[in-house]
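Novice:
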Amino acid sequence: MGLEAKLKQDSFFTTTVDAIAAWARKNSVWPMPMGISCCAIEMMAVGGPKYDIARFGSEVMRFTPRQCDLMIVAGTVTYKMAYVVKKIYDQMPDPKWVIAMGACTSSGGMYRSYNVVQGIDQFLPVDVYLAGCPPRPDNLLNALITIQDKIGKTKVRDFQDQPLSEYPVNNKI
Amino acid sequence: MERKEIIIQKIKDKLPGVQFTTAEFRGELSIILNKKDIVNLSSFLKDDPDLAFNFCEDVTAIDWARRNQRFTMVYHIFSMKNKFRLKLKCDVEEEDCNIDSVSSVWKTADWEERETYDMYGIHFNNHPDLRRMYMPEEFEYYPLRKDFPLMGIPGSLPLPKK
Amino acid sequence: MEKVIKENAHSKILDALLADKDITIEDALENEMILNMGPQHPATHGVLRLLLRLDGETIVSCVPELGYLHRGYEKMAENMSYHEFIPHSDRLDYLAPLSNNVAWVLAVEKLIGIEAPPRAQYIRMLICELSRIASHLIAIGSFAMDVGALTVLLWTLREREKILDIWDILCGARFTTSYTRIGGVANDIQPEAIAKAEWFINQFDDNLTECEYLLNNNRIFIGRLEGVGVVSGEDAIQLGITGPTLRGSGIAYDLRRDMPYLFYNDLDFKVITHDGGDCLARYFVRVDECRESAKMVRQILSKMPKGNILFNSPKKVLPDKVEIYTKMEELIHDFMIVNFGINPPVGEIYNAIENPKGELGFYIVSKGEGHPWKCKIRSPSMVNCQGLPHMIKGCMVSDVVAIVGSIDPVMGEADK
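Residue numbers (my numbering), protein chains in the order written: chain A, 1 to 173; chain B, 1 to 162; chain C, 1 to 416.
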């Protein structure tokens, strides 16, 4: 969007470009399913024939982070798994959003124990929190629509000049 | 004779050097023995053609949180031929926290003993590959011991930065 | 023992990977590679990490690493009462939650020494068999998807949605139901649920046959799975494998037949085995078990007795809600049971049932208090994963996906 970068103020041209870009982005959100435990099964049901997520534009659930915009963290995140989730999040290109699905990701859920992270917002920026254990598939579709509304209000200018997110290179296998 | 009496009689006949006592609760028989005899008794129970305890269901430990004989190792074994379940128990001290591994007798015990080592800190001699099972390798504590708090020790497991 | 510090920590798992006593390659030009099939992978059925050592495309050795979903169940069970653990038991094998509920409640009832009334037992058998069908449907569907047949997953998900609707009517939740209680079940089965179960069973056979048409005579499906991941019966028993994985190697060991619980003695069913020990045999075992379970559901629905659904023992079983709000005795009992627990006698038991994945066992040690002193969960998926290095050796990388799918581990159970 080179031309757009030169126009910094809100004119008729930029707002139309904003509207078209936001409309295109929000109607083709491709989720990255970070399916860890029970909520992943409800996410599979959302992809199934009864609660169809493809009619909302999320035609494919690509399992590679390079081609996705939305990460749905579904399942309990433990301390060991937190590094993996953060690594995958860093590999996703901008712009990206995160849904914290279920009680376990929002706040640790029913697991007050030594190995469960009490809420993934301790290391990831979260956009939508979903309640439920597990949330019904309709609830996940509601969250997707909320994210789509949020994307619909963004401007293209918000995503320019972003610093490269720090991708930690570590030698852990 | 009932199956329980057959087993006890056979152990007394064939392995006279093994001291053991028995206990029973809700129809389940347990044999309590000394920890140095465990591999001997296990291979006898498995190889005997009449007893044939060829399936090891579970290996675990109990932490009694007392000064003497703090841990008890429990082995659940099952005989598919006779459809009979048996428990073997031995006491382990806290200072001398090791016991021989039975993974040479039943391969199932391999991972179960690794899990017991991870959770309780009991070291298994002659184990082919004793690593931690669930916790990260650099974790310093043993979670299922009674002196480890439920919420964990703050700072023992680091989180990635935001 | 030397203290493990961060620098030498990860070399331990690499040592385990590189130290393989069976390998005798002395080639100076061997080109080996270590590949990490990490915890986040589309085909590993959850967060299972596999470290593979490859020689070209063939796998030389493999070390699985678990623990990415270790939630600390056993520690939590020591701090909560027996009733409070029922929702936690749902989330163990989250593909068949009602089966785990039944397993936990049966173990606690054995410890206390009570038995639920016959109608409750039949309802428990019904939900166990329905969850077996639901779990096998997902196993078949995702297994076929891993191998390449994407349509089958959508068809099996459609069938599974019908079962989830039955559970929705029965207990209010599609999934993670917490339906059973110590001494019986939470509420009586409604006539709509029974009617829906009958309707489902009547049309299930044809739909399953439709899925089989796509797969059973498919050259690619059979070519990909035949002879892959072979484990013989003797090795399987040694490794502790149970469930459809063991029955796919020819050993007829089924806890419903060998150590019967509930009323399985009154039902007429076959224990399905297939010889071969490879992925194809395990697939056939699962499909045939679905059909057997459908037959058993028909028998259960026709034999269900009338009666009450909770055992009458005021100090151990939670009383009925209507009586709690209107009578004094029940109010006191409810208060005591919820706050102080049921206080079973001092002792320990081990009880195992036939979960769809294998033998799920609970070992509970009680010191007479309201919460267990120790609770160990013998999870079938963890012990089945122990057989993975044995099955994978010698196969190619794309076979790993098929083998993991045919074992069907569930990491919530394997990691506890």
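Quick reminder that beta carbons are idealized off the backbone N, C-alpha and C, glycines included.
(1) What I want to know is whether the C-beta of residue 144 of chain A ends up closer than 7 Å to one or more non-hydrogen atoms of the ligand HEM.
(2) Does the CB of residue 76 of chain C have a neighbour CB from chain B at under 8 Å?
(3) When you compare each of A:144, A:73, A:137, A:115 to residue 124 of chain A by their alpha carbons, which one comes out closest?
(4) In three-state terms, what does DSSP make of residue 101 of chain A?
(5) How many Å lie between residue 81 of chain C and residue 113 of chain C at the Cα?
(6) Anything in chain C within Cβ reach of residue 108 of chain B, meaning under 8 Å, just list it in chain order.
(7) Anything in the stretch 29-59 of chain C with a Cβ closer than 8 Å to a Cβ of chain A? List those residues in chain order, please.
(8) Quick one: does residue 144 of chain B have its CB under 8 Å from some CB of chain A?
(9) Excluding sequence positions up to five away, which residues of its chain have a Cβ less than 7 Å from the Cβ of residue 76 of chain A?
(10) Would you tell me roughly how many angstroms separate the C-alpha atoms of residue 54 of chain A and residue 158 of chain A, rounded to the nearest one?
(11) For residue 41 of chain C, list the residues DSSP reports as bridge partners.
(12) Leaving out five residues on either side along the sequence, give the residues of the same chain with a beta carbon under 6 Å from the beta carbon of residue 21 of chain A.
(13) Mark residue 69 of chain B as exposed unless 16 or more other C-beta atoms lie within 10 angstroms of its C-beta, in which case mark it buried.
(14) Where does residue 2 of chain B land, buried or exposed, given buried means 16+ other C-beta within 10 angstroms?
(15) Just to check my reading of the structure: residue 337 of chain C and residue 331 of chain C have Cβ atoms closer than 8 Å, yes? What is that Cβ distance to the nearest angstrom?
(16) By a C-beta neighbour count over all protein chains shown, 10 Å radius and 16 as the cutoff for buried, is residue 328 of chain C buried or exposed?
(17) Would you mind telling me which residues of chain A sit closer than 9 Å to residue 179 of chain C, beta carbon to beta carbon, in chain order?
(18) So for residue 92 of chain A, helix, strand or coil by DSSP?
(19) Whose CA, out of C:275, C:52, C:262, C:90, lies closest to the CA of residue 412 of chain C?
(20) Taking Cβ positions, are residue 387 of chain C and residue 231 of chain C nearer each other than 8 Å?
(21) Which runs of the beta strand (DSSP E) spanning at least 3 residues fall entirely within the stretch 49-131 of chain B, listed in chain order?
(22) Any idea if residue 346 of chain C is buried or exposed, counting beta-carbon neighbours within 10 angstroms, 16 or more meaning buried?
(23) Would you call the stretch 102-111 of chain C in contact with the stretch 8-20 of chain B, where contact means no fewer than 3 C-beta pairs closer than 8 Å?
(24) Go ahead and pull the three-state DSSP assignment for residue 259 of chain C.
(25) What is the rounded straight-line gap between the Cα of residue 144 of chain A and the Cα of residue 202 of chain C?
(26) Taking the alpha-carbon positions, what's the residue 13 of chain C to residue 404 of chain C distance?
(27) Rounding to the nearest angstrom, what Cα-Cα distance links residue 248 of chain B and residue 236 of chain C in this structure?
(28) Decide if residue 248 of chain C is buried, meaning its Cβ has at least 16 other Cβ atoms within 10 Å, or exposed.
(29) Along chain A, which residues have their Cβ under 8 Å away from the Cβ of residue 151 of chain B?
(30) Please check if any C-beta of chain C sits within less than 8 Å of the C-beta of residue 58 of chain B.
(31) Spatial neighbours of residue 75 of chain B within its chain, please: C-beta separation below 6 Å, excluding the five flanking residues on both sides.
(32) Just verifying my parser: in three-state terms, what is the DSSP assignment at residue 64 of chain A?
(33) Under 8 Å: do the stretch 40-58 of chain A and the stretch 128-140 of chain A share three or more Cβ pairs, one atom per stretch?
(34) Using the Cβ count rule (16 or more neighbours within 10 Å means buried), how would you classify residue 93 of chain B?
(35) Excluding sequence positions up to five away, which residues of its chain have a Cβ less than 7 Å from the Cβ of residue 113 of chain B?
(36) Considering only residues of the stretch 32-111 of chain C, which uninterrupted beta strand (DSSP E) runs meet the minimum length of 3 residues and lie entirely inside it, listed in chain order?
Specialist: Here's the rundown:
(1) No copy of the ligand HEM appears in this structure; indeed no ligand is present at all.
(2) Taking the first residue of the third sequence as position 1, residue 76 of chain C is located at position 76. Yes, because at least one Cβ of chain B sits closer than 8 Å to the Cβ of residue 76 of chain C.
(3) Counting from one through the first sequence, the residue named residue 124 of chain A turns up at place 124. If we check each option's Cα against that of residue 124 of chain A, A:73 comes out closest.
(4) Start at 1 with the first residue of the first sequence, and residue 101 of chain A comes out as number 101. Correct three-state label for residue 101 of chain A: strand.
(5) Here the question's residue 81 of chain C lines up with position 81 in the third sequence. Here the question's residue 113 of chain C lines up with position 113 in the third sequence. Cα-Cα distance, rounded: 17 Å.
(6) Residue 108 of chain B sits at position 108 when you count from the first residue of the second sequence. Chain C residues near residue 108 of chain B: 238, 239, 240, 383, 386.
(7) For the stretch 29-59 of chain C, the set of residues with a beta-carbon nearer than 8 Å to any beta-carbon of chain A comprises 34, 36, 38, 39, 40, 41, 42, 46, 47, 51, in chain order.
(8) Numbered from 1 along the second sequence, position 144 holds the residue referred to as residue 144 of chain B. Answer no: the Cβ-Cβ gap between residue 144 of chain B and chain A never drops below 8 Å.
(9) Here residue 76 of chain A refers to the residue found at position 76 when the first sequence is read from its first residue. Same-chain partners within the cutoff: 36, 37, 104, 109, 111, 116.
(10) Taking the first residue of the first sequence as 1, we reach residue 54 of chain A at position 54. Taking the first residue of the first sequence as 1, we reach residue 158 of chain A at position 158. Straight-line Cα distance between these residues: approximately 27 Å.
(11) As a first step, residue 41 of chain C is located in the third sequence; it is residue number 41 there, counting from the start. Partner(s): none; residue 41 of chain C has no beta bridge.
(12) For the purposes of this step, residue 21 of chain A is identified with residue 21 of the first sequence, where counting begins at 1. Sequence-distant Cβ neighbours of residue 21 of chain A in its own chain, meaning closer than 6 Å and more than five residues away, are 156.
(13) Looking up residue 69 of chain B in the second sequence gives position 69. Label assigned to residue 69 of chain B: exposed.
(14) By one-based count along the second sequence, residue 2 of chain B stands at place 2. Counting Cβ neighbours within 10 Å, residue 2 of chain B comes out exposed, since fewer than 16 surround it.
(15) As a position in the third sequence, residue 337 of chain C is number 337, starting the count at 1. As a position in the third sequence, residue 331 of chain C is number 331, starting the count at 1. Not a contact, Cβ separation roughly 11 Å.
(16) Translated into the one-based positions of the third sequence, residue 328 of chain C becomes position 328. In this structure residue 328 of chain C is exposed. Its beta-carbon is surrounded by fewer than 16 other beta-carbon atoms within 10 angstroms.
(17) What you label residue 179 of chain C is simply residue 179 of the third sequence in a count that begins at 1. The contacting residues do not exist; residue 179 of chain C stays about 15 Å from chain A at best.
(18) Taking the first residue of the first sequence as position 1, residue 92 of chain A is located at position 92. Under the three-state reduction of DSSP output, residue 92 of chain A falls in the coil class, being neither helix nor strand.
(19) Translated into positions along the third sequence, residue 412 of chain C becomes position 412. Nearest of C:275, C:52, C:262, C:90 to residue 412 of chain C, Cα basis: C:90.
(20) Position 387 of the third sequence, counted from the start, is the residue given in the question as residue 387 of chain C. Position 231 of the third sequence, counted from the start, is the residue given in the question as residue 231 of chain C. Cβ atoms of residue 387 of chain C and residue 231 of chain C: closer than 8 Å.
(21) DSSP runs (the beta strand (DSSP E)) wholly in the stretch 49-131 of chain B: 55-63, 71-79, 84-92, 98-100, 123-125.
(22) In the third sequence, residue 346 of chain C corresponds to position 346, counting from 1. That one is exposed.
(23) No: the two stretches stay apart, fewer than three of their Cβ pairs being nearer than 8 Å.
(24) Residue mapping note: residue 259 of chain C aligns to position 259 of the third sequence, counting from 1. Looking at residue 259 of chain C - three-state DSSP - the assignment turns out to be coil, as it is neither helix nor strand.
(25) Taking the first residue of the first sequence as position 1, residue 144 of chain A is located at position 144. Taking the first residue of the third sequence as position 1, residue 202 of chain C is located at position 202. Roughly 36 Å between the two C-alpha positions.
(26) In the third sequence, counting from the first residue as 1, residue 13 of chain C sits at position 13. In the third sequence, counting from the first residue as 1, residue 404 of chain C sits at position 404. Roughly 21 Å between the two C-alpha positions.
(27) In this structure chain B extends from 1 to 162, so residue 248 of chain B is not present and cannot be described.
(28) Stepping through the third sequence from its first residue, residue 248 of chain C is reached at position 248. Taking a 10 Å sphere around the C-beta of residue 248 of chain C, we find 16 or more other C-beta atoms and assign the residue as buried.
(29) Start at 1 with the first residue of the second sequence, and residue 151 of chain B comes out as number 151. The answer, in chain order, is 112, 113, 114.
(30) The residue given as residue 58 of chain B occupies position 58 in the second sequence. Residue-level contact check: residue 58 of chain B touches chain C, since one or more beta carbons of chain C fall below 8 Å from its beta carbon.
(31) Mapped onto the second sequence, residue 75 of chain B falls at position 75. Closer than 6 Å at Cβ, skipping near neighbours: 59, 88.
(32) Position 64 of the first sequence, counting from 1, holds the residue named residue 64 of chain A. Reduced to three states, the DSSP call for residue 64 of chain A is coil.
(33) The stretch 40-58 of chain A, when compared against the stretch 128-140 of chain A, does touch it at the 8 Å Cβ threshold.
(34) In the second sequence, counting from the first residue as 1, residue 93 of chain B sits at position 93. So residue 93 of chain B counts as exposed.
(35) Start at 1 with the first residue of the second sequence, and residue 113 of chain B comes out as number 113. Correct list, in chain order: 59, 101, 103, 124, 127.
(36) With a minimum length of 3 residues, the continuous beta strand (DSSP E) runs that stay inside the stretch 32-111 of chain C are 32-37, 49-55, 58-65.
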